[in-house]
Amino acid sequence: MASTSSDTIHMARALALAERGRGLTSPNPMVGAVVVDDEGVVVGRGSHRAAGEPHAEILAFADAGSRSQGATLYCTLEPCFHVGRTGPCAPEVVRAGIRRAVVAIEDPNPLVAGRGLAYLRHHDVAVAVGVLREAAERLNAPFLTVMRRQRPFVTMKVALSRENCVAGAGGHRLALTGPSADRYIHRERAELDAIGVGSGTILADDPLLTARGAYRARPLTRVVFDRRLRTPPTARLMSSLGDGPIIVVASEPRVEDGRRRAEQLRQAGVRVELVGSDDADRFLHESLSVLAQLGIHSLMLEGGPRLHHAAWTAGVVDRVQMFMTPTVAGSAGVPWLDSSRIEVDDLTDVRTLRLGSDLMIEGYVHRPR
Numbered sequence: 159m160a161s162t163s164s165d166t167i168h169m170a171r172a173l174a175l176a177e178r179g180r181g182l183t184s185p186n187p188m189v190g191a192v193v194v195d196d197e198g199v200v201v202g203r204g205s206h207r208a209a210g211e212p213h214a215e216i217l218a219f220a221d222a223g224s225r226s227q228g229a230t231l232y233c234t235l236e237p238c239f240h241v242g243r244t245g246p247c248a249p250e251v252v253r254a255g256i257r258r259a260v261v262a263i264e265d266p267n268p269l270v271a272g273r274g275l276a277y278l279r280h281h282d283v284a285v286a287v288g289v290l291r292e293a294a295e296r297l298n299a300p301f302l303t304v305m306r307r308q309r310p311f312v313t314m315k316v317a318l319s320r321e322n323c324v325a326g327a328g329g330h331r332l333a334l335t336g337p338s339a340d341r342y343i344h345r346e347r348a349e350l351d352a353i354g355v356g357s358g359t360i361l362a363d364d365p366l367l368t369a370r371g372a373y374r375a376r377p378l379t380r381v382v383f384d385r386r387l388r389t390p391p392t393a394r395l396m397s398s399l400g401d402g403p404i405i406v407v408a409s410e411p412r413v414e415d416g417r418r419r420a421e422q423l424r425q426a427g428v429r430v431e432l433v434g435s436d437d438a439d440r441f442l443h444e445s446l447s448v449l450a451q452l453g454i455h456s457l458m459l460e461g462g463p464r465l466h467h468a469a470w471t472a473g474v475v476d477r478v479q480m481f482m483t484p485t486v487a488g489s490a491g492v493p494w495l496d497s498s499r500i501e502v503d504d505l506t507d508v509r510t511l512r513l514g515s516d517l518m519i520e521g522y523v524h525r526p527r
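Sequential numbering from 159 applies to the sequence shown in our numbering.
In structure tokens:
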């Protein structure tokens, strides 16, 4: 069924409602719904607020009441047709008396995958799919990436000196970003499922990896990619277990000393996940698959350059976020990646944002399909 210009307007309203769930709904997608009567009046609104709570359509119907009879539903994601922590939504669409359903994108979840739309059509609800599809896919890129690629949506974040370095001579840590950029970074952390670093970053910088100065509704998971189990149980990170889980992903130890180090981390409160491969690319792919199974849909890789190089080479980076700073590292500074590897022209939907004296450049590596 064809869409109309008014469909675009109302779907934009539904997408704005879905945004209210940012940082709150994971591992569920963000979903918004609007009910519009035959005169074009919005009579019901709903947005999914948290996993286990009512879905957007149900809240919109409750808001509309009897006015949903013969109305049009605008929903940013295909209504579900399975029982999870809540009941299926597709039968409720029919029960509410909806005459027409306009949906931005199909749900790739194997438990849904078109079954919700088929149910609506079978019960004589007219269906239009694809209105503002690209915006809806960008909104739920983490959820869609997990469903389609069986791994989290990965953002590679880096702060760079004037010379494109990440550290000073000998790996000396530099305070690269200024206060405005730092506030932005911590707000971003507050919306993500997890932050990831390599063991080299733990050894060199001993970071806390917490979201400071920004409200976070859910615990923040911290992930250390550590093939050799070099992370010490005395690292500062261990003092922040109250902020959220810590996961160390490592290759299966082949000697007793490795098994002992894994046990020491477990005793410190860390979840240790062991994968079979020791090859850098396969290790990263297997690690990301494990994280997806643990409910992590969005992951910010914050360093260091070895982890970034491995992720870029393995083709698992979905978004690049670079903070260009005026800080001088010197000729002996530690470079990031070969400048020929990432060019802004290779990214899509590039945007820039001035943050004090720093400039953020952000772009997507590929469409979240």
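Just so it is clear, CB atoms sit at the ideal spot from N, CA and C, and this is done for glycine as well.
Alpha-carbon spacing of ARG370 relative to GLY400, whole angstroms: Start at 1 with the first residue of the sequence shown, and residue 370 comes out as number 212. Start at 1 with the first residue of the sequence shown, and residue 400 comes out as number 242. The alpha-carbon atoms of ARG370 and GLY400 are separated by roughly 13 Å.
Through-space distance from LEU217 to ALA172, alpha-carbon basis: Reading the sequence shown from its first residue, position 14 is the one you call residue 172. Reading the sequence shown from its first residue, position 59 is the one you call residue 217. Distance from the CA of ALA172 to the CA of LEU217, rounded to the nearest whole angstrom, comes to 12 Å.
Short Cβ contact (7 Å threshold) for GLU250 with GLY274: Locating residue 250 in the sequence shown gives position 92, counting from the first residue. Locating residue 274 in the sequence shown gives position 116, counting from the first residue. Their beta carbons are not under 7 Å apart, which means GLU250 does not touch GLY274 by this criterion.
Euclidean distance between Cα positions of ASP196 and LEU465: The sequence position of residue 196 within the sequence shown is 38, counting from 1. The sequence position of residue 465 within the sequence shown is 307, counting from 1. The straight-line gap separating the alpha-carbon atoms of ASP196 and LEU465 is approximately 55 Å.
Whole-angstrom distance between THR506 and LEU332, CA atom to CA atom: In the sequence shown, residue 332 corresponds to position 174, counting from 1. In the sequence shown, residue 506 corresponds to position 348, counting from 1. LEU332 and THR506: Cα-Cα distance of roughly 30 Å.
From GLY223, PRO246, ARG253 and SER205, residue whose alpha carbon lies closest to that of TYR101: Because residue 101 is not part of the residues shown, which for the chain are 159 to 527, the question remains open.
Three-pair Cβ contact test at 8 Å for the region 307–323 versus the region 443–457: yes
VAL475 CB to nearest heavy atom of the ligand ATP below 6 Å: Within the structure as shown, the ligand ATP is missing, as the structure has no ligands at all.
Counterpart residues of LEU513 in DSSP-defined beta bridges: As a first step, residue 513 must be located in the sequence shown, where it is residue number 355. Answer is ASP516.
Assumed close pair LEU367, ARG376 - CB separation to whole angstroms, cut-off 8 Å: Along the sequence shown, read from residue 1 onward, the residue named residue 367 stands at position 209. Along the sequence shown, read from residue 1 onward, the residue named residue 376 stands at position 218. With a beta-carbon spacing of about 15 Å, LEU367 and ARG376 fall beyond the 8 Å limit used to define contacts.
Assigned secondary structure, GLU460 (DSSP; H/G/I helix, E/B strand, else coil): For the purposes of this step, residue 460 is identified with residue 302 of the sequence shown, where counting begins at 1. If DSSP states are grouped into helix, strand and coil, GLU460 belongs with the strands.
Beta carbon of TYR277 nearer than 7 Å to that of ALA248: If you number the sequence shown from 1, residue 277 lands on position 119. If you number the sequence shown from 1, residue 248 lands on position 90. Against a cut-off of 7 Å, the Cβ pair of ALA248 and TYR277 comes out as a contact.
Buried versus exposed call for ASP415 [16 or more other C-beta atoms within 10 Å across all chains shown]: As a working mapping, residue 415 is identified with position 257 in the sequence shown. ASP415 is exposed by the Cβ-count criterion.
Residue of GLY272, ALA170, MET518 and LEU459 minimising C-alpha distance to THR359: Here residue 359 is taken as the residue at index 201 of the sequence shown, counted from 1. Per the Cα distances, LEU459.
Beta-carbon contacts of HIS168 that lie in its chain and below 8 Å, excluding the five residues immediately before and after: Walking along the sequence shown from the start, residue 168 turns up at place 10. Around HIS168: VAL192, VAL194, VAL200, THR230, TYR232 and VAL260.
4-residue-minimum alpha helix (DSSP H) runs that sit fully inside the region 183–225, ordered along the chain: 214–222
Residues sharing a beta bridge with PHE311, DSSP: One-based indexing of the sequence shown puts residue 311 at position 153. Answer is SER456.
Distance between ASP282 and ALA372 (C-alpha atoms, nearest Å): Here residue 372 refers to the residue found at position 214 of the sequence shown. Here residue 282 refers to the residue found at position 124 of the sequence shown. Going from the Cα of ALA372 to the Cα of ASP282 covers about 47 Å.
Beta-bridge partners of THR379, as assigned by DSSP: Counting from one through the sequence shown, the residue named residue 379 turns up at place 221. According to DSSP, THR379 bridges with ALA352.
Proximity of ASP436 and PHE481 at Cβ, strictly below 7 Å: Mapped onto the sequence shown, residue 436 falls at position 278. Mapped onto the sequence shown, residue 481 falls at position 323. Annotated as distal: ASP436 and PHE481, with beta-carbon spacing of 7 Å or more.
Contiguous alpha helix (DSSP H) assignments of at least 4 residues, all confined to the region 378–428: 414–425
Whole-number beta carbon distance between PRO403 and ALA426, since they are thought to touch under 8 Å: Position 268 of the sequence shown, counting from 1, holds the residue named residue 426. Position 245 of the sequence shown, counting from 1, holds the residue named residue 403. The Cβ separation is near 12 Å, so there is no contact.
Beta-bridge pairing of CYS238 - partner residues as DSSP gives them: Along the sequence shown, read from residue 1 onward, the residue named residue 238 stands at position 80. Per DSSP, none; premise fails for CYS238.
Test item: CB-CB of SER338 and GLY514 under 7 Å: Here residue 338 corresponds to residue number 180 of the sequence shown, with the count starting at 1. Here residue 514 corresponds to residue number 356 of the sequence shown, with the count starting at 1. For the 7 Å CB-CB criterion, SER338 and GLY514 form a contact.
Residues near ALA294 in its chain [Cβ-Cβ closer than 6 Å; skip 5 each side]: Taking the sequence shown and counting its residues from 1, one reaches residue 294 at position 136. Closer than 6 Å at the Cβ level, and outside the excluded window around ALA294, lie THR234, ALA262 and ILE263.
Spatial distance of ALA362 from GLU501 (CA atoms): Position 204 of the sequence shown holds residue 362. Position 343 of the sequence shown holds residue 501. Distance between the alpha carbons of ALA362 and GLU501: 28 Å.
Close beta carbons around ALA490, own chain, < 7 Å, minus the five adjacent residues each side: As a position in the sequence shown, residue 490 is number 332, starting the count at 1. Closer than 7 Å at Cβ, skipping near neighbours: ALA327.
Residue interval of the beta strand (DSSP E) (run including GLN479): In the sequence shown, residue 479 corresponds to position 321, counting from 1. That run of the beta strand (DSSP E) goes 477–482.
Pairwise C-alpha distance: GLY521 and VAL285: On the sequence shown, residue 285 is found 127 positions in, with the first residue counted as 1. On the sequence shown, residue 521 is found 363 positions in, with the first residue counted as 1. About 33 Å.
Same chain, Cβ closer than 7 Å to GLY488, five either side skipped, listed in chain order: Position 330 of the sequence shown, counted from the start, is the residue given in the question as residue 488. GLY326 and ALA327.
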